[in-house]
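*Asks:*
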Amino acid sequence: MSIFNAILQKPKGIRFESQEKEEQLYFLLRRHPITNLGWIIFSIFLIVAPLALMSFILNNKIDTFKYVQSEYQIILLILWYSLTMLYTFESFLIWYFNVYIITNKRVIDVDFKGFWGKRISEAPLSNVEDVTYETKSFLHILFDYGDIFMQTAAEKTEFEFTSIPKPSLVHNKLTDLVEEHKKNGHSK
1 MSIFNAILQK PKGIRFESQE KEEQLYFLLR RHPITNLGWI IFSIFLIVAP LALMSFILNN
61 KIDTFKYVQS EYQIILLILW YSLTMLYTFE SFLIWYFNVY IITNKRVIDV DFKGFWGKRI
121 SEAPLSNVED VTYETKSFLH ILFDYGDIFM QTAAEKTEFE FTSIPKPSLV HNKLTDLVEE
181 HKKNGHSK
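In structure tokens:
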């Protein structure tokens with residue numbers, strides 16, 4: 001199992017915090033890895049920017065010591081790279097821990113809020129009334145990812161799984177689970 005897997009079907013050996021004994025995990029989903037490109041490119045820019053600035057300063061023989069003492073320059077550089085690492089790590093954690101879970105009993109949306117918290121929303125399959133999926137752009141079609149929208153009869157009336165891989169596969173399985181769940185007469 002790769003760390004960058006965005007779609008896990010019937011994963012073995014994976015459990016989640018509120019999973020019940022008889023509850024079976026059908027999908028563990030994350031946003032498609034291509035959606036990480038923005039923060040990855042920005043992180044690379046943040047890493048390269050001081051190096052480019054130092055190269056420019058050395059090539060133009062600019063004396064930075066008359067403006068900022070060398071000790072402060074080193075402290076600024078360490079601070080810059082520490083903040084860059086923090087930004088990159090937090091961006092990865094947000095991607096990795098923002099998950100969508102589909103089980104034989106419910107759908108769960110876990111929104112990880114960085115280092116500071118999380119928000120978990122769930123709805124029983126018996127409350128799911130409508131499931132729709134959407135691909136909006138050329139990139140969605142090219143990389144086979146999109147959004148799934150679920151209308152529910154619960155307190156949170158709409159669930160949105162954004163930028164997930166293989167939305168048609170997930171949509172079809174989710175629709176089948178909802179129909180099976182309602183046909184068997186399961187209640188909340």
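For reference, each letter of the sequence shown is one residue, going 1 to 188 in UniProt numbering.
Using N, Cα and C, we set each Cβ at its ideal position, and we do this for glycine too.
Do Phe159 and Val107 count as a contact pair if the criterion is CB distance below 7 Å?
*Replies:* Yes.
*Asks:* Run the CB neighbour count on Asn127, radius 10 Å, all protein chains shown included, and call it buried at 16 or more, exposed below.
*Replies:* Classification for Asn127: buried.
*Asks:* Keeping to the same chain, check which residues put their C-beta closer than 6 Å to that of Lys188; ignore five residues upstream and five downstream.
*Replies:* In this prediction, Lys188 has a pLDDT of 45, which is less than 50 and means its spatial position is unreliable; nothing more can be read from the coordinates.
*Asks:* If you compare alpha carbons, which of Ile164, Glu180, Glu122 and Leu8 is closest to Thr152?
*Replies:* Of the listed residues, the one whose Cα sits closest to Thr152 is Glu122.
*Asks:* In angstroms with no decimal places, state the Cα-to-Cα distance between Glu71 and Leu46.
*Replies:* Looking at the two C-alpha atoms, the distance is approximately 21 Å.
*Asks:* Consult DSSP for Gly146 and reduce its assignment to one of helix, strand or coil.
*Replies:* Strand at Gly146.
*Asks:* What are the boundary residues of the alpha helix (DSSP H) that includes Lys183?
*Replies:* Per DSSP, Lys183 belongs to the alpha helix (DSSP H) from Pro167 to Lys183.
*Asks:* Could you tell me the alpha carbon to alpha carbon distance between Lys12 and Tyr26, rounded to whole angstroms?
*Replies:* For Lys12 and Tyr26, the distance between alpha carbons rounds to 10 Å.
*Asks:* Which of the three DSSP states, helix, strand or coil, is assigned to Ala123?
*Replies:* Strand at Ala123.
*Asks:* Suppose contacts are defined by Cβ-Cβ distances below 7 Å. Is Trp95 in contact with Asn36 by that definition?
*Replies:* Taking 7 Å as the Cβ cut-off, Trp95 and Asn36 qualify as a contacting pair.
*Asks:* What is the DSSP secondary structure of Lys188, counted as helix, strand or coil?
*Replies:* Since pLDDT at Lys188 reaches only 45, below the 50 mark, its modelled position is unreliable, and the value read off the structure follows with that caveat. Lys188 falls in the coil class under three-state DSSP.
*Asks:* Would you call the CB atoms of Thr103 and Glu23 closer than 7 Å?
*Replies:* Going by C-beta atoms, Thr103 is nearer than 7 Å to Glu23.
*Asks:* Going by beta-carbon coordinates alone, are Lys166 and Ile7 separated by less than 7 Å?
*Replies:* Yes, these two residues count as a Cβ contact at 7 Å.
*Asks:* Please name the residue or residues paired with Arg106 in a DSSP beta bridge.
*Replies:* According to DSSP, which records beta bridges pairwise, Arg106 is partnered with Pro124.
*Asks:* According to DSSP, which residues form a beta bridge with Glu158?
*Replies:* Bridge partners of Glu158: Gln151.
*Asks:* Kindly give me the distance between the Cβ atoms of Ile148 and Val170, rounded to whole angstroms, as I take these residues to be in contact under 8 Å.
*Replies:* About 6 Å separates the two Cβ atoms, so the contact holds.
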